[in-house]
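S.K.:
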Amino acid sequence: MDIAALIGIGVLTGATTVLFGFGGGFVTVPVVVWADAALGADAVRVATATSALVMLVNAGFATAVTPRRVLGALRGSGALLLLLAAGAAAGALATGTAPAGLTRWVFVGYLAVTAADLLLRPGFLRPRTRSGAAPESGGPRPLPAVLGAPIGAVAAYLGVGGSVMTVPAMRRAGHPMHAATALANPLTLAIALPATAVSLSAAGAPSAAHAHVHLVGLVDPRAAAALLLGALPVIAVLRRRPPRIPDRVHAGAYIGLLGAAGIAMLAF
């Protein structure tokens, strides 16, 4: 895949960062698997590590330009952020040692189970109601800190940033989609930072001597730079002028993107 194509796909990762809180992970992983296909089975490991770096920058930038009144919903979430980071470090270490083929199938299976859960269980597409009438009142509830470690571990292992778990959890806790997706970025930042540190310093990285792929640890810096070049301007524009999307349409599009990512991973 050439640099121009990666930059173009980076534009898409910028849009998913703002609109869905993904930080680019669900787009980045299949794309880097495709771009680094010459690495064979190791392409999945490199893709998840490269995705962590892309998400770190995307989520950090998106968080920096998010209004403080929105970020205020995470006040008092220090324990959750610390456990997300601890779980992410463990998940990133697992990426470097687990069989590469296993990661691909866990990625696809996890997306399939999550999409089915969001479609079938109340609370995501259809807000929970009392007596079948009005949405539950009392305001959004905070995410339990105990969820931090497992979310961080799974997210870092798959290179997806955690939004596939945090957005549905915040949605069911009472947040509208625009708030849940915005808050996913600082939570992704807590996951991507330790995951990137582990990936950049990884020993025993796959040999790319015959694949013309230069790696730093497990990270492909060329692919990451091209994706970020496309993503960052889009994040800046969409954060300034966010599109107005009906809440239920927004939730449905989120599920659709999960399905598209799973199909892309199978295709690559």
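Using my numbering, you'd call the opening residue of the sequence shown number 232 and step up by one each time.
Every residue gets a Cβ at the ideal spot worked out from N, C-alpha and C, and that includes glycine.
Report all residues from its chain with a CB closer than 6 Å to the CB of HIS481; omit the five preceding and five following residues, and keep chain order.
M.R.: Numbered from its first residue, the sequence shown carries residue 481 at position 250. Excluding residues within five positions, the ones whose Cβ falls inside 6 Å are MET408.
S.K.: How do the stretch 302-317 and the stretch 379-396 stand: do at least 3 beta-carbon pairs fall below 8 Å, yes or no?
M.R.: yes
S.K.: Label ASP273 either buried or exposed according to how many other C-beta atoms from any shown protein chain fall within 10 Å of its C-beta, with 16 as the threshold for buried.
M.R.: Taking the sequence shown and counting its residues from 1, the one referred to as residue 273 is at position 42. ASP273 comes out buried.
S.K.: Drop a sphere of 10 angstroms on the beta-carbon of ASP267, count the other beta-carbons inside from all chains shown, and report buried for 16 or more, exposed for fewer.
M.R.: The residue labelled residue 267 in the question sits at position 36 within the sequence shown. Answer is buried; the Cβ neighbour count reaches 16.
S.K.: Distance check for ARG300 and GLY332, CA to CA, integer angstroms please.
M.R.: Translated into positions along the sequence shown, residue 332 becomes position 101. Translated into positions along the sequence shown, residue 300 becomes position 69. Their backbone Cα atoms lie some 43 Å apart in a straight line.
S.K.: So THR294 is in the alpha helix (DSSP H); what residue range does that whole segment cover?
M.R.: Taking the first residue of the sequence shown as position 1, residue 294 is located at position 63. Taken as a continuous stretch (DSSP letters only), the alpha helix (DSSP H) holding THR294 covers 274-295.
S.K.: Less than 7 Å between CB atoms is the rule here; does ARG403 satisfy it with respect to chain C?
M.R.: Absent from the structure: chain C. Only one protein chain is present.
S.K.: Give the secondary structure of VAL395 by DSSP, where H, G and I count as helix, E and B as strand, and everything else as coil.
M.R.: Here residue 395 refers to the residue found at position 164 of the sequence shown. Correct three-state label for VAL395: helix.
S.K.: Quickly, what does DSSP pair VAL447 with across the bridge? List them, please.
M.R.: Indexing the sequence shown from 1 puts residue 447 at position 216. The beta-bridge partner set that DSSP reports for VAL447 consists of VAL450.
S.K.: Can you say whether PRO474 is buried or exposed, counting buried as having 16 or more other CB atoms within 10 angstroms of its CB?
M.R.: Position 243 of the sequence shown, counted from the start, is the residue given in the question as residue 474. The residue in question, PRO474, is exposed, as its Cβ has fewer than 16 Cβ neighbours within 10 Å.
S.K.: In whole angstroms, what is the alpha-carbon distance linking ALA343 and GLY393?
M.R.: Residue 343 sits at position 112 when you count from the first residue of the sequence shown. Residue 393 sits at position 162 when you count from the first residue of the sequence shown. Going from the Cα of ALA343 to the Cα of GLY393 covers about 15 Å.
S.K.: For the stretch 413-426 against the stretch 337-356, do three or more pairs of beta-carbon atoms, one drawn from each stretch, fall closer than 8 Å, so that the two count as touching?
M.R.: no
S.K.: Whole-angstrom Cβ separation of LEU374 and THR397, contact assumed at under 8 Å?
M.R.: Translated into positions along the sequence shown, residue 374 becomes position 143. Translated into positions along the sequence shown, residue 397 becomes position 166. That pair is a contact at about 7 Å.
S.K.: What is the C-beta distance between ALA320 and PRO425, in whole angstroms, given that I count them as a contact (C-beta under 8 Å)?
M.R.: Stepping through the sequence shown from its first residue, residue 320 is reached at position 89. Stepping through the sequence shown from its first residue, residue 425 is reached at position 194. Their Cβ separation, rounded to whole angstroms, is 4 Å, which keeps ALA320 and PRO425 in contact under 8 Å.
S.K.: So is ILE240 buried or exposed if we call it buried at 16+ other beta carbons inside 10 Å?
M.R.: Counted from its first residue, the sequence shown places residue 240 at position 9. By the 10 Å Cβ count, ILE240 comes out buried.
S.K.: Is the stretch 449-459 touching the stretch 334-342, taking contact as three or more C-beta pairs under 8 Å?
M.R.: no
S.K.: Can you say whether ALA415 is buried or exposed, counting buried as having 16 or more other CB atoms within 10 angstroms of its CB?
M.R.: Here residue 415 refers to the residue found at position 184 of the sequence shown. When all chains shown are included, ALA415 counts as buried.
S.K.: Skipping 5 residues on each side, what residues in its chain have a beta carbon closer than 6 Å to that of THR297?
M.R.: For this step, residue 297 is matched to residue 66 along the sequence shown. Result list for THR297: ALA413, in chain order.
S.K.: DSSP three-state label for PHE253, please.
M.R.: As a working mapping, residue 253 is identified with position 22 in the sequence shown. Look at PHE253 here: in three-state DSSP terms it is coil, with no helix or strand label.
S.K.: Pull up the distance between the alpha-carbon of GLY448 and that of GLY487, whole angstroms please.
M.R.: In the sequence shown, the residue the question calls residue 448 occupies position 217. In the sequence shown, the residue the question calls residue 487 occupies position 256. The alpha-carbon atoms of GLY448 and GLY487 are separated by roughly 33 Å.
S.K.: State the DSSP-derived secondary structure class of PRO417, mapped to helix, strand or coil.
M.R.: Within the sequence shown, numbered from 1, the residue matching residue 417 stands at position 186. Helix, per DSSP.
S.K.: Given a cut-off of 7 Å on the beta-carbon distance, is the pair ALA454 and THR244 in contact?
M.R.: For the purposes of this step, residue 454 is taken as residue 223 along the sequence shown, with counting starting at 1. For the purposes of this step, residue 244 is taken as residue 13 along the sequence shown, with counting starting at 1. Not a contact, by the Cβ cut-off of 7 Å.
S.K.: How many whole angstroms separate the CB atoms of ALA269 and VAL444, which I take to be in contact at a CB cut-off of 8 Å?
M.R.: The sequence position of residue 269 within the sequence shown is 38, counting from 1. The sequence position of residue 444 within the sequence shown is 213, counting from 1. Their Cβ separation, rounded to whole angstroms, is 6 Å, which keeps ALA269 and VAL444 in contact under 8 Å.
S.K.: What span of residues does the alpha helix (DSSP H) with VAL301 cover, start to end?
M.R.: Counted from its first residue, the sequence shown places residue 301 at position 70. Looking at the DSSP string, the run of the alpha helix (DSSP H) that includes VAL301 is 299-302.
S.K.: Taking C-beta to C-beta, are THR198 and TYR388 nearer than 7 Å?
M.R.: As displayed, the chain neither begins before 232 nor continues past 499, which places residue 198 out of reach and without an answer.
S.K.: Rounded to a whole number of angstroms, what is the C-alpha to C-alpha distance between VAL264 and GLY390?
M.R.: Here residue 264 corresponds to residue number 33 of the sequence shown, with the count starting at 1. Here residue 390 corresponds to residue number 159 of the sequence shown, with the count starting at 1. Distance between the alpha carbons of VAL264 and GLY390: 12 Å.
S.K.: Classify MET475 as helix, strand or coil using the three-state DSSP reduction.
M.R.: Taking the sequence shown and counting its residues from 1, the one referred to as residue 475 is at position 244. Sequence inspection shows Arg at residue 475; the Met mentioned does not correspond to that position. It is coil, neither helix nor strand.
S.K.: Give the DSSP-derived three-state secondary structure of ASP233 in the structure shown.
M.R.: In the sequence shown, residue 233 corresponds to position 2, counting from 1. DSSP places ASP233 in coil when its eight states are reduced to three.
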